[in-house]
Amino acid sequence: MRSSRFRLASTAAATVLAAVTALTVVTPADAHTVSPVNANASTATRNVLNWLAHLPNRSGNRIASGFFGGYSNSGFSLSQTEELRSATGQYPAILSCDYGSGWATNPDITALVDYSCNPSLKSWSANGGLVTISVHLPSPANANGGGLNTPMGNFADLLNPSTAAGARWRQLQDKMAAGLQDLENAGVPVLFRPFHEVNGDWFWWGNRDQNTFKQVWQQMYGYLTGTKGLDNLLWVYSADFSRGNRTAYYPGASYVDVVGMDAYDDNPQVSGIQSAYSELVGLGKPFAFAEIGPDSQGSFDYGRWITAFQQSYPKTSYFLAWNDGWGPARNAGASTLFNNSWIANRGEVDLGTVTEPGGGGTTTPPPSGGTLLNGFESGTEGWTGTNVTGGPWQVTEWAAQGTRSLKSDVNLGAGAAYLKKTATTSLSGRTTLRATARVAPWGSFGTGSQAKLYVKTGAGWQWFDGGTAAVTSAGVNLSLSLSGVANLGDVREIGVQFVPGSGAGGTSAVYVDDVTVQ
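The sequence shown maps to residues -31 to -1, 1 to 487 in mature numbering (1 follows the signal peptide of the UniProt record, and there is no 0).
Here is the structure:
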């Protein structure tokens, strides 16, 4: 929330998540899995992210609702959540709390981080909801806090615990970690959203040196996840729509689980929100509207947001409406939004059920057995790309097996792209080569995109392939029978060819995982 709003936010609410539908669904074991960047994340935390990532595949109950409950030591309660319930008949799927009172001062700066909202969050989780936490932190530059809206003079001090600001930064992280650990002990996963609206100029952490900010985020991730051992966090990067550099502060795919946008405007389809959506969705992570609200409090029609979701932002996994004068119950159209068939509210969160693209289609699980040639758990493992614009990289945003896969960016107007490993290998005595391929859920792949598993063998680099298969963001299992393949003792290259469909254009990405041989 921006400085013009944070002082007024004072009551209870909830962030959103989506619902079980009557669609044909498949269990996570039968679907492609979206895993957290923390390889040690708890099962419950993994299930939350995987469920969120699959919500936009549904025809209904596909966007989880959310509402802000207030600042933990400055106005948190469930009264406005009940107000929302009275206005709509619904509790939101996700309840939000903020741990920080960064505008206040105290001789003990850690007193400005408060997690007394935790009992309500635990109860919310026990009743089938999800939770998200933001932090309007005090400035570590000041011994007694405050300074929320004053740019920090030397932001790089946060990286050096021997400085006074760096030492206070560790103390603030320790206090946050204690609250987050309390939730982990209760089995509560958290959508954790630090440093929100980083591209704005109204918070002490905003509009700083981009590389320094990335290092601070990465240090915080390592400290809370590694040193503190918190395995219940899903990391949410949230930019503001009204400023540029929305992705310039992005700390990297290995440090973020969800990308989000804060959007306050009386026109949910204003061009700035639309362009921000395109930029953030392009990062390849599940997308959320991490804060929404109007400029004109009291008269805004929240029904405009459901129109915007359906017409302009179909890849949204959840939204979080702010409270007080910005809240749905204190404006018009709350019932229109929360009771639309696209919206999932509390009571409709089933983490064991996910939906694949097409409203229930699924990729057949890769056959078990065989020898794993490349699973990309240890890196790119010698694979390269041809006719790609970036990569390949080892990523965690999708995996057919394990937690990692291989990814490259592609220009869809440039024709076929290849991910491959060029090295002499013997497949003598083997019968079948397999791999799983996928295209990203963003970009215009056109109609009829295809993937093909191939090998090149012998001194003449003779080509053999398993035939074309339609490839989507759900992934496809590719197979190549090795019977009849010449020179199996001298395989020079193993790869996957991606061919965009008719009408393809722009940029996107392709993936390969689980290369095995039997």
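Note that the Cβ used here is the ideal one computed from N, Cα and C, for glycine as well.
Cβ-Cβ distance between T391 and D483 below 9 Å: By one-based count along the sequence shown, residue 391 stands at place 422. By one-based count along the sequence shown, residue 483 stands at place 514. No.
N180 by DSSP, collapsed to three states: which one? For the purposes of this step, residue 180 is taken as the residue at position 211 of the sequence shown. Helix.
In its own chain, which residues sit with a C-beta less than 7 Å from the C-beta of M145, not counting the 5 before and 5 after it? As a working mapping, residue 145 is identified with position 176 in the sequence shown. Y68, V82 and V104, listed in sequence order.
What does the alpha-carbon distance come out to for the pair V100 and P88? Position 131 of the sequence shown, counted from the first residue, corresponds to residue 100. Position 119 of the sequence shown, counted from the first residue, corresponds to residue 88. Each residue's Cα considered, the two are about 12 Å apart.
Can you tell me which residues form a DSSP beta bridge with E260? Stepping through the sequence shown from its first residue, residue 260 is reached at position 291. In DSSP, E260 forms a bridge with D231.
Which residue comes first and which comes last in the alpha helix (DSSP H) that contains N87? Taking the sequence shown and counting its residues from 1, the one referred to as residue 87 is at position 118. Start and end: N87 to A95.
Does DSSP put T349 in a helix, in a strand, or in coil? Translated into positions along the sequence shown, residue 349 becomes position 380. Coil at T349, not helix or strand.
CB contact flag (V227, L375, <9 Å): To locate residue 227, count along the sequence shown from 1; it is residue 258. To locate residue 375, count along the sequence shown from 1; it is residue 406. No; because the gap between Cβ atoms is not below 9 Å, this pair is not in contact.
Taking the alpha carbon of D235 as the reference point, which residue from R299, T355 and R273 has its own alpha carbon closest? Taking the first residue of the sequence shown as 1, we reach residue 235 at position 266. Per the Cα distances, R273.
What separation, rounded to the nearest whole angstrom, lies between the Cα atoms of P469 and I242? Sequence index remark: in the sequence shown, residue 469 carries index 500 (1-based). Sequence index remark: in the sequence shown, residue 242 carries index 273 (1-based). P469 and I242: Cα-Cα distance of roughly 29 Å.
Would L449 pass as an interface residue toward chain B - the criterion being a Cβ-Cβ separation below 9 Å? The chain labelled as chain B is not found in the depicted structure, where only one protein chain is given.
Cβ distance (whole Å) where A439 is taken to contact G417 below 8 Å: Numbered from 1 along the sequence shown, position 470 holds the residue referred to as residue 439. Numbered from 1 along the sequence shown, position 448 holds the residue referred to as residue 417. Contact flag correct, Cβ pair sits at about 7 Å.
Rounded to whole angstroms, what's the CA-CA distance from R373 to P163? Just pull it up for me. As a working note, residue 373 is residue 404 in the sequence shown. As a working note, residue 163 is residue 194 in the sequence shown. In this model, R373 and P163 are separated by some 25 Å (Cα to Cα).
Three-pair Cβ contact test at 8 Å for the stretch 280 to 289 versus the stretch 23 to 42: yes
What does a CB cutoff of less than 6 Å around Q487 pick up in its chain, not counting 5 residues either side in sequence? The residue you call residue 487 lines up with position 518 of the sequence shown. Excluding residues within five positions, the ones whose Cβ falls inside 6 Å are G339, T400 and T401.
Is P255 helix, strand or coil by DSSP? If you number the sequence shown from 1, residue 255 lands on position 286. In the three-state reduction of the DSSP assignment, P255 falls in the coil class, being assigned neither a helical nor a strand state.
Beta-carbon spacing of V114, P107 below 9 Å: In the sequence shown, counting from the first residue as 1, residue 114 sits at position 145. In the sequence shown, counting from the first residue as 1, residue 107 sits at position 138. According to the sequence provided, residue 114 is Gly. The question's Val does not apply to it. Between G114 and P107, the gap from beta carbon to beta carbon is short of 9 Å.
Short Cβ contact (9 Å threshold) for residue 539 with Y60: As displayed, the chain neither begins before -31 nor continues past 487, which places residue 539 out of reach and without an answer.
Whole angstroms is fine: what's the gap from D264's alpha carbon to Y423's? Against the sequence shown, residue 264 aligns to sequence position 295. Against the sequence shown, residue 423 aligns to sequence position 454. Whole-angstrom Cα-Cα distance: 55 Å.
Cβ-heavy atom distance between Q419 and the ligand GDP below 8 Å? Within the structure as shown, the ligand GDP is missing, as the structure has no ligands at all.
Own chain partners of L388 with C-beta closer than 7 Å, once the 5 adjacent residues on each side are dropped: In the sequence shown, the residue the question calls residue 388 occupies position 419. Here the set comprises W352, G354, P361, L375, S377, G464, V465, V479 and V481.
Is it buried or exposed, N7, if we count other Cβ atoms within 10 angstroms and call 16 or more buried? As a first step, residue 7 must be located in the sequence shown, where it is residue number 38. A residue is called buried once 16 or more other Cβ atoms fall within 10 Å of its Cβ, and N7 is buried on that count.
Using three-state DSSP, classify P361 as helix, strand or coil. Here residue 361 refers to the residue found at position 392 of the sequence shown. Per DSSP, reduced to three states, the secondary structure at P361 is strand.
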